[in-house]
Amino acid sequence: MKILTQSLPNSSAAYLQGYLRENTDSSVTYPTVIIVPGGSYTHIPEQQAEDLALAWVARGYQAFFLRYSFISEKTPLLPNPVIELAQSVAAIHAHATTWHVDLRRLAVAGFSVGGHITALFNDWWSEADFNQQAHTTPEQLKVQAVILGYPVISPDLGFPTDAATLATWSTTPKKIAADQHVTAANAPTFIWVTANDPLVPVQNALAYAQASLTHGVDTELHVFHNGPHGLALANSVTAWKPGTDLPHVAHWLDLATEWLQDLK
């Protein structure tokens, strides 16, 4: 396995880290996933991000995680991390042959605020204004699907809980309410969440799923009955406190993998 770090345009802090299968046959390609981790826009849990990436590698994927910009580096922060995700997707398109990427099977998986970044990317990828900001084209940003794990979707739905924090995210909250910007151009979307998430209310996931269904987006939603926020793989690998190794919730990865394989 090859581990690489890809810098991104116009950012000294953001980068894409890849975990790649190596093959001397350039015609061999693999399905690929970009992990966008959480961290409340203040940090990312790098070990968890790597664990998520390696779980996909074990399933035959090329896997990356995105270290995006934080509020300590730019305020207000958005849309910078969304632009960095777009530039990451474009970089994978550009290096598809070298990195053995099957572009027909490229997915983005975002967790918590990483889900917010991913949902906004899903909403904006085809828009001219966004592509102008990212210095990309819609063709460079095409993905097969997105996966959202316990996502933040809208500041109107319970996270963040205070105006001061929201002001570090954006001065125009309506623009970052991802459920309000879904279109028929959105990629197929898989969402999983726990019903009693105490940090990011389940209503975030429900709102995005409803908006996606309303616009005819291929959508799958799983609401597990119990579990705290930040479960990642929901197994012993990513368990970070008692009650975060939950075999039932851990089925999400099998479900997501099967769903990706089932997409046309």
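Using the working numbering, the final residue of the sequence shown is 1137, and nothing's skipped along the way.
For each residue, glycine too, the CB sits at the ideal point set by N, CA and C.
Sequence-distant residues of its chain with Cβ nearer than 8 Å to residue i (five each side left out)
{"i": "Leu-881", "result": "Ala-887, Tyr-888, Leu-889, Glu-957, Gln-960, Ser-961, Ala-964"}
Nearest neighbour of residue i, chosen from the options [CA to CA]
{"i": "Lys-1137", "options": "Met-874, Arg-977, Gly-891, Ala-967", "result": "Arg-977"}
{"i": "Tyr-892", "options": "Trp-929, Val-1110, Ser-900, Gly-987", "result": "Trp-929"}
{"i": "Val-901", "options": "Thr-915, Tyr-934, Gln-879", "result": "Tyr-934"}
{"i": "Gly-1031", "options": "Gln-1076, Thr-1111, Trp-998", "result": "Gln-1076"}
{"i": "His-1095", "options": "Asp-1035, His-989, Phe-994, Ala-1129", "result": "Ala-1129"}
{"i": "Ser-1109", "options": "Ala-1123, Phe-1097, Phe-984", "result": "Ala-1123"}
{"i": "Pro-1071", "options": "Thr-1045, His-1098, Ile-944, Gln-1005", "result": "His-1098"}
{"i": "Pro-966", "options": "Trp-1125, Pro-904, Asn-1069, Lys-1114", "result": "One point to set straight first is that residue 966 is His, not Pro, in the sequence displayed. That would be Pro-904, whose Cα lies nearest to the Cα of His-966."}
{"i": "Thr-1045", "options": "Asp-1029, Ala-1057, Asn-1059", "result": "Asp-1029"}
{"i": "Ser-899", "options": "Ser-945, Ile-876, Val-974", "result": "Val-974"}
{"i": "Asn-1059", "options": "Val-981, Val-909, Ile-876", "result": "Val-981"}
{"i": "Glu-919", "options": "Ser-945, Arg-932, Phe-984", "result": "Phe-984"}
{"i": "Pro-954", "options": "Leu-979, Ala-1001, Gln-1006, Arg-932", "result": "Gln-1006"}
Sheet register partners of residue i (DSSP bridge)
{"i": "Trp-1065", "result": "Gly-1022, His-1095"}
{"i": "Thr-905", "result": "Gln-935, Leu-979"}
{"i": "Phe-984", "result": "Gly-1022"}
{"i": "Val-974", "result": "Tyr-903"}
Between the CA atoms of residue j and residue i - distance to the nearest angstrom
{"i": "Thr-948", "j": "Ser-913", "result": "14 Å"}
{"i": "Leu-950", "j": "Glu-923", "result": "24 Å"}
{"i": "Leu-1086", "j": "Thr-897", "result": "42 Å"}
{"i": "Val-1090", "j": "Gln-1083", "result": "10 Å"}
{"i": "Val-831", "j": "Thr-1041", "result": "Summary: the structure shown does not reach residue 831, with the chain confined to residues 874 through 1137, and so no result is reported for it."}
{"i": "Leu-1104", "j": "Thr-1117", "result": "6 Å"}
{"i": "Leu-1197", "j": "Val-906", "result": "Nothing about residue 1197 can be reported from this structure: the residues present for the chain run from 874 to 1137 only."}
{"i": "His-1088", "j": "His-1054", "result": "10 Å"}
{"i": "Gln-879", "j": "Ala-969", "result": "13 Å"}
{"i": "Ala-1112", "j": "Thr-915", "result": "21 Å"}
{"i": "Phe-1063", "j": "Ser-1027", "result": "18 Å"}
{"i": "Trp-972", "j": "Glu-895", "result": "8 Å"}
{"i": "Phe-938", "j": "Thr-1067", "result": "23 Å"}
{"i": "Gly-911", "j": "Leu-1119", "result": "19 Å"}
{"i": "Trp-998", "j": "His-1102", "result": "28 Å"}
{"i": "Gln-921", "j": "Thr-1056", "result": "31 Å"}
{"i": "Ile-876", "j": "Ile-908", "result": "15 Å"}
N- and C-terminal bounds of the beta strand (DSSP E) containing residue i
{"i": "Gly-891", "result": "888-893"}
{"i": "Leu-877", "result": "875-880"}
Limits of the unbroken alpha helix (DSSP H) element including residue i
{"i": "Ile-917", "result": "Run containing Ile-917: none; DSSP gives neither H nor E here."}
{"i": "Phe-1003", "result": "1001-1007"}
{"i": "Ile-944", "result": "Unbroken run through Ile-944: none, as it is neither H nor E."}
{"i": "Leu-1079", "result": "1076-1087"}
{"i": "Leu-1133", "result": "1124-1135"}
{"i": "Ser-961", "result": "953-967"}
{"i": "Leu-1104", "result": "Segment: none, Leu-1104 is in no alpha helix (DSSP H) and carries neither H nor E."}
{"i": "Trp-1042", "result": "1036-1042"}
Proximal residues to residue i (C-beta, below 6 Å), its chain only, five neighbours per side dropped
{"i": "Thr-1009", "result": "Ala-959, Ala-963"}
{"i": "Pro-1033", "result": "Leu-1039"}
{"i": "Pro-1061", "result": "Ala-1018, Asp-1091, Leu-1136"}
{"i": "Ala-936", "result": "Tyr-892, Val-906, Ala-926, Trp-929, Val-930"}
{"i": "Glu-1093", "result": "Phe-1063, Trp-1132"}
{"i": "Gln-1013", "result": "Ala-963, His-966"}
Cβ shell of residue i (< 7 Å), same chain only, five flanking positions each side left out
{"i": "Ser-884", "result": "Ser-942, Glu-957"}
{"i": "Ser-1043", "result": "Pro-949, Leu-951, Ile-1049"}
{"i": "Val-986", "result": "Gly-911, Gly-912, Ser-913, Tyr-914, Val-1025"}
{"i": "Asp-1052", "result": "Ile-1026, Ser-1027, Ala-1080, Tyr-1081, Ala-1084"}
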